[in-house]
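Chemist: First the structure, which I've put down as structure tokens, then a few questions once you've had a look.
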Amino acid sequence: DLERAIAALPPNARTVFVLHDVEGFRHDEIAERMHLAPGTVRAHLHRARQLLMRMLNR
Numbered sequence: 326d327l328e329r330a331i332a333a334l335p336p337n338a339r340t341v342f343v344l345h346d347v348e349g350f351r352h353d354e355i356a357e358r359m360h361l362a363p364g365t366v367r368a369h370l371h372r373a374r375q376l377l378m379r380m381l382n383r
């Protein structure tokens, strides 16, 4: 299920996914909060979404 798939994500990818797609934070807000570059935040979000799609389509 979705909650189990989110819990299985790598920590940074999970945090970025939850902050962006669940809580509605912008990339720049997440970057500042996590002390990451905005591009890194986008990469984590992309990876999280890809992994979730794979896990949920098994």
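Numbering (my numbering), first residue to last: 326 to 383.
Ideal placement from N, C-alpha and C gives every residue a C-beta, glycine not left out.
A quick note: this is a predicted structure, and the numbers were derived from the prediction, not measured.
#1: So, Ala-362 versus Ala-338, is the Cβ gap smaller than 7 Å?
#2: Give the range of the alpha helix (DSSP H) segment to which Arg-358 is assigned.
#3: Quick check: what's the CA-CA separation for His-371 versus His-345?
#4: Roughly how many whole angstroms lie between the Cα atoms of Met-359 and Glu-328?
#5: Our contact map puts Ile-331 next to Leu-377 with C-beta atoms below 8 Å; I'd like the distance itself, whole angstroms only.
Modeler: From the atom records:
#1: no
#2: 352-359
#3: 11 Å
#4: 22 Å
#5: 7 Å
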